[in-house]
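Student:
Number of protein chains: 4
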Amino acid sequence: MISSITLRVNYSETDQMGVVYHANYLIWFDRARTELMRETGLTYKELEQQGVYLAVSEVRVRYRAAARYDDLVQVRCWVRELASRRVTFGYAVERAGTGELLATGQTSLVSLTHQHTLTRLPAHVVDLLKPIPDPVDL
Amino acid sequence: MISSITLRVNYSETDQMGVVYHANYLIWFDRARTELMRETGLTYKELEQQGVYLAVSEVRVRYRAAARYDDLVQVRCWVRELASRRVTFGYAVERAGTGELLATGQTSLVSLTHQHTLTRLPAHVVDLLKPIPDPVDL
Amino acid sequence: MISSITLRVNYSETDQMGVVYHANYLIWFDRARTELMRETGLTYKELEQQGVYLAVSEVRVRYRAAARYDDLVQVRCWVRELASRRVTFGYAVERAGTGELLATGQTSLVSLTHQHTLTRLPAHVVDLLKPIPDPVDL
Amino acid sequence: MISSITLRVNYSETDQMGVVYHANYLIWFDRARTELMRETGLTYKELEQQGVYLAVSEVRVRYRAAARYDDLVQVRCWVRELASRRVTFGYAVERAGTGELLATGQTSLVSLTHQHTLTRLPAHVVDLLKPIPDPVDL
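Residue numbers (our numbering), protein chains in the order written: chain B, 1 to 138; chain U, 1001 to 1138; chain X, 2001 to 2138; chain W, 3001 to 3138.
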């Protein structure tokens, strides 16, 4: 499964170079990941209510072209890898309309208890997070 | 007591107009308020550990001149008003060096329990938060 | 005209109190204001391309109930007041579904040239920004 | 040269997991990089005034332990690699006092003209940015 969200670049996301400040892409990744989980049938909110927290343990982003104010941007998200206590998501950020690739990236998240100790991903979560081959080079 | 912090404008705080995006001033206010409380002898962190939460209930800001990238900015903070369940802080943002007034504002915070219900400010907190006359017009 | 956007609260917008950090409402206001302008037929992006910049000169927010992670939130926006060099927008933030009022506010913006000096709002902009009575108490 | 900044975690940087939201580390990296450049004798602000823009082209972060509200955090920054049109900075985020390693990372920046086309780093900039061996594993 590949999930996709479309978002409009807001003024608050730009910097004085006239482009989207790079840290905002991590927030876009988060929003896309949240929707991917929702589409699998389990929201991240429910997961926390079940006592399972996913904390970001690693991030990589490659910025390829600038997103600008008022651009419509599409963020695709998928599961790259799944281990017993860790899941890695991949992302592709594209300009809506043209499909121009703006950025790619990945984030790894580890499964934590409410006390912030590592724990196995629950079986029903593992069943939902099916890794697929990357649709674009990261 | 008037507390003061000095901060350097970071690139992430600018927008494509080449100035500090207006929402960031609320974060500067928060940082100044945190230091004011620390200087009274009670950190906000300790207050939360005692089960008292201060939630922002009202904000007002007047923007007078733009702060820019790499500017050194001074934020002064003081207690304006104190009631049994509410405290109002005042703020003045000035360019360090010249003293040019960039913004003024105020935030009111209400006292909440961990369950997010209104509660009286503890007596030892009231004793520390002494209102003073505004040093600048807000 | 009253414009309305619906947004999903992202994890990045929460704080350790488990609610949306208060400064984020200003960003929501910005997003709602941008869509209001787009619906009038003139995007803010085009306005900047015509050499007119709108800078926030005053903000007021009253926080009434907390927005939480993954909530769907509706932000309504309208023009409150219009003067030759200044326009004031009003906002109401409500929980989608229940309509519970979460916050209200207003922002005033002044018209600037590219050199950041005050200027009159162009006639074609004034024609589009029609003030209406507040639909809710601010 | 290794530059170091110390910062206090603000409430705005926390999320509902009670830790610093991961995207904020990129902002801390930016602040540390800015100070490193200032210490070499050339501020990034001056570089932009000379028509040279550094845009982030790649980011990697490994999160090792959580930073929390009101923590004092030290961010060290150094130059890892230097090429004709690209410079890579390394970062180590540590809890002040204990020295506990919270995160490591790197960002690569490419040199752009005002028109956002790739350009060589000016010779006087290359002279200032001396790569050193990593003081910690990234």
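Cβ atoms here follow ideal geometry from the backbone N, Cα and C, with glycine treated the same way.
When Cβ atoms are compared, which residues of the stretch 1084 to 1096 of chain U fall closer than 7 Å to chain X?
Tutor: Residues: none.
Student: Starting from L1026 of chain U, find everything on chain X with Cβ-Cβ shorter than 8 Å and list it in chain order.
Tutor: Start at 1 with the first residue of the second sequence, and residue 1026 of chain U comes out as number 26. H2022, A2023, L2026, listed in chain order.
Student: Taking the alpha-carbon positions, what's the T2085 of chain X to L2118 of chain X distance?
Tutor: Taking the first residue of the third sequence as 1, we reach residue 2085 of chain X at position 85. Taking the first residue of the third sequence as 1, we reach residue 2118 of chain X at position 118. Here residue 2085 of chain X turns out to be Arg, not Thr, going by the sequence shown. If I take the Cα positions, the gap works out to 7 Å.
Student: Count the CB pairs spanning the stretch 1001 to 1015 of chain U and the stretch 1063 to 1082 of chain U that are closer than 8 Å, and state whether there are at least three.
Tutor: Cβ pair count under 8 Å is three or more, so yes.
Student: Between A103 of chain B and A2055 of chain X, what straight-line distance do the alpha-carbon atoms span, to the nearest angstrom?
Tutor: As a first step, residue 103 of chain B is located in the first sequence; it is residue number 103 there, counting from the start. As a first step, residue 2055 of chain X is located in the third sequence; it is residue number 55 there, counting from the start. Cα to Cα, A103 of chain B sits roughly 30 Å from A2055 of chain X.
Student: For a cutoff of 8 Å on Cβ pairs, would you count D2015 of chain X as touching chain B?
Tutor: Counting from one through the third sequence, the residue named residue 2015 of chain X turns up at place 15. Output row for D2015 of chain X: interface = no.
Student: Could you check whether the Cβ of S2057 of chain X sits closer than 8 Å to any Cβ belonging to chain U?
Tutor: Here residue 2057 of chain X refers to the residue found at position 57 when the third sequence is read from its first residue. True, the Cβ-Cβ gap to chain U drops below 8 Å.
Student: What distance in whole Å lies between the Cβ atoms of V2093 of chain X and V2073 of chain X, which are believed to be in contact at a cut-off of 8 Å?
Tutor: Looking up residue 2073 of chain X in the third sequence gives position 73. Looking up residue 2093 of chain X in the third sequence gives position 93. Confirmed, about 6 Å.
Student: Please give the ranges of any beta strand (DSSP E) in the stretch 2017 to 2064 of chain X, keeping only runs that are unbroken, at least 3 residues long and fully inside the region.
Tutor: Here the runs fully enclosed are 2053 to 2063.
Student: Have a look at W78 of chain B and R2095 of chain X and give me their C-alpha separation to the nearest angstrom.
Tutor: Sequence index remark: in the first sequence, residue 78 of chain B carries index 78 (1-based). Sequence index remark: in the third sequence, residue 2095 of chain X carries index 95 (1-based). Computed Cα separation, rounded: 29 Å.
Student: Per DSSP, S139 of chain B is paired with what?
Tutor: Outside the displayed range of chain B (1 to 138) lies residue 139 of chain B, so it cannot be described from this structure.
Student: If I follow the unbroken beta strand (DSSP E) through A1103 of chain U, where does it start and stop?
Tutor: By 1-based counting over the second sequence, the position of residue 1103 of chain U is 103. 1101 to 1112 is the extent of the beta strand (DSSP E) around A1103 of chain U.
Student: Quick check on DSSP: helix, strand or coil for A96 of chain B?
Tutor: Within the first sequence, the letter at position 96 stands for residue 96 of chain B. Coil.
Student: Straight-line CA distance for L2112 of chain X to Q2050 of chain X?
Tutor: Here residue 2112 of chain X corresponds to residue number 112 of the third sequence, with the count starting at 1. Here residue 2050 of chain X corresponds to residue number 50 of the third sequence, with the count starting at 1. So the alpha carbons of these two residues sit roughly 11 Å apart.
Student: Check whether the Cβ of D2137 of chain X lies closer than 8 Å to any Cβ atom in chain B.
Tutor: Along the third sequence, read from residue 1 onward, the residue named residue 2137 of chain X stands at position 137. No, D2137 of chain X does not count as interfacial toward chain B.
Student: Strictly under 8 Å for the Cβ-Cβ distance: is S2003 of chain X near chain W by that measure?
Tutor: Reading the third sequence from its first residue, position 3 is the one you call residue 2003 of chain X. Chain W, which has no Cβ nearer than 8 Å to the Cβ of S2003 of chain X, makes this no.
Student: Check whether the stretch 17 to 25 of chain B and the stretch 3020 to 3032 of chain W are in contact - that is, three or more C-beta pairs closer than 8 Å.
Tutor: Yes, since at least three Cβ pairs between the stretch 17 to 25 of chain B and the stretch 3020 to 3032 of chain W fall closer than 8 Å, the two stretches touch.
Student: Can you check whether the CB of T3040 of chain W is closer than 8 Å to the CB of L3129 of chain W?
Tutor: Within the fourth sequence, numbered from 1, the residue matching residue 3129 of chain W stands at position 129. Within the fourth sequence, numbered from 1, the residue matching residue 3040 of chain W stands at position 40. Going by C-beta atoms, L3129 of chain W is nearer than 8 Å to T3040 of chain W.
Student: Less than 8 Å between the C-beta atoms of V87 of chain B and L121 of chain B, yes or no?
Tutor: Position 87 of the first sequence holds residue 87 of chain B. Position 121 of the first sequence holds residue 121 of chain B. Cβ atoms of V87 of chain B and L121 of chain B: closer than 8 Å.
Student: In chain B, which residues lie with their C-beta within 9 Å of the C-beta of S2111 of chain X?
Tutor: Numbered from 1 along the third sequence, position 111 holds the residue referred to as residue 2111 of chain X. The premise fails here: S2111 of chain X is roughly 16 Å from chain B at the closest Cβ pair, so nothing lies under 9 Å.
Student: Between which residues of its own chain and W2137 of chain X is the CB-CB distance below 8 Å, once the five residues before and five after are set aside?
Tutor: Here residue 2137 of chain X corresponds to residue number 137 of the third sequence, with the count starting at 1. Note on residue identity: the sequence assigns Asp, not Trp, to residue 2137 of chain X. Here the set comprises T2104.
Student: Taking the alpha-carbon positions, what's the P3133 of chain W to S3003 of chain W distance?
Tutor: Against the fourth sequence, residue 3133 of chain W aligns to sequence position 133. Against the fourth sequence, residue 3003 of chain W aligns to sequence position 3. Spanning the two alpha carbons is a distance of roughly 14 Å.
Student: By the 10 Å Cβ neighbour count, where 16 or more other Cβ atoms means buried, how is G3099 of chain W classified, buried or exposed?
Tutor: On the fourth sequence, residue 3099 of chain W is found 99 positions in, with the first residue counted as 1. Looking at its Cβ environment, which holds fewer than 16 other Cβ atoms inside 10 Å, G3099 of chain W is exposed.
Student: Just to confirm my understanding: we take T3043 of chain W, look at its own chain, exclude 5 residues before and 5 after, and list those with CB closer than 7 Å. What are they?
Tutor: Here residue 3043 of chain W refers to the residue found at position 43 of the fourth sequence. Around T3043 of chain W: M3037.
Student: Would the beta-carbon of E58 of chain B fall within 8 Å of that of Y3063 of chain W?
Tutor: Taking the first residue of the first sequence as 1, we reach residue 58 of chain B at position 58. Taking the first residue of the fourth sequence as 1, we reach residue 3063 of chain W at position 63. Cβ atoms of E58 of chain B and Y3063 of chain W: closer than 8 Å.
Student: Within the same chain, show all residues whose beta-carbon is closer than 8 Å to that of D3015 of chain W, passing over the 5 residues directly before and after it, in chain order.
Tutor: In the fourth sequence, the residue the question calls residue 3015 of chain W occupies position 15. Excluding sequence neighbours, D3015 of chain W sits near Y3021.
Student: Return the first residue and the last residue of the alpha helix (DSSP H) that D3127 of chain W is part of.
Tutor: Along the fourth sequence, one-based indexing puts residue 3127 of chain W at 127. Where D3127 of chain W is concerned, the enclosing alpha helix (DSSP H) stretches over 3123 to 3128.
Student: Is it true that the CB of E3081 of chain W sits closer than 8 Å to the CB of P3131 of chain W?
Tutor: Indexing the fourth sequence from 1 puts residue 3131 of chain W at position 131. Indexing the fourth sequence from 1 puts residue 3081 of chain W at position 81. In contact: P3131 of chain W and E3081 of chain W (Cβ atoms closer than 8 Å).
Student: Would you say Y2063 of chain X faces chain B, with C-beta separation under 8 Å as the test?
Tutor: Counting from 1 along the third sequence, the entry for residue 2063 of chain X is found at position 63. No, Y2063 of chain X does not count as interfacial toward chain B.
Student: What is the DSSP secondary structure of Y3011 of chain W, reduced to helix, strand or coil?
Tutor: If you number the fourth sequence from 1, residue 3011 of chain W lands on position 11. Y3011 of chain W: helix per DSSP, three-state reduction.
Student: To the nearest angstrom, how far is it from the Cα of V2061 of chain X to the Cα of M3017 of chain W?
Tutor: Counting from 1 along the third sequence, the entry for residue 2061 of chain X is found at position 61. Counting from 1 along the fourth sequence, the entry for residue 3017 of chain W is found at position 17. C-alpha separation (whole angstroms): 26 Å.
Student: Give the secondary structure of R1086 of chain U by DSSP, where H, G and I count as helix, E and B as strand, and everything else as coil.
Tutor: To locate residue 1086 of chain U, count along the second sequence from 1; it is residue 86. Strand at R1086 of chain U.
Student: Quick check: R33 of chain B and F89 of chain B, are their CB atoms within less than 8 Å of each other?
Tutor: Against the first sequence, residue 33 of chain B aligns to sequence position 33. Against the first sequence, residue 89 of chain B aligns to sequence position 89. Against a cut-off of 8 Å, the Cβ pair of F89 of chain B and R33 of chain B comes out as a contact.
Student: Should E13 of chain B go down as buried or exposed, given a rule of 16 or more other Cβ atoms within 10 Å for buried?
Tutor: By 1-based counting over the first sequence, the position of residue 13 of chain B is 13. Counting Cβ neighbours within 10 Å, E13 of chain B comes out buried, since at least 16 surround it.
Student: Look at the Cβ atom of I1005 of chain U, then the Cβ atom of E1035 of chain U, and state whether they are nearer than 8 Å.
Tutor: Here the question's residue 1005 of chain U lines up with position 5 in the second sequence. Here the question's residue 1035 of chain U lines up with position 35 in the second sequence. Result yes, Cβ atoms of I1005 of chain U and E1035 of chain U sit closer than 8 Å.
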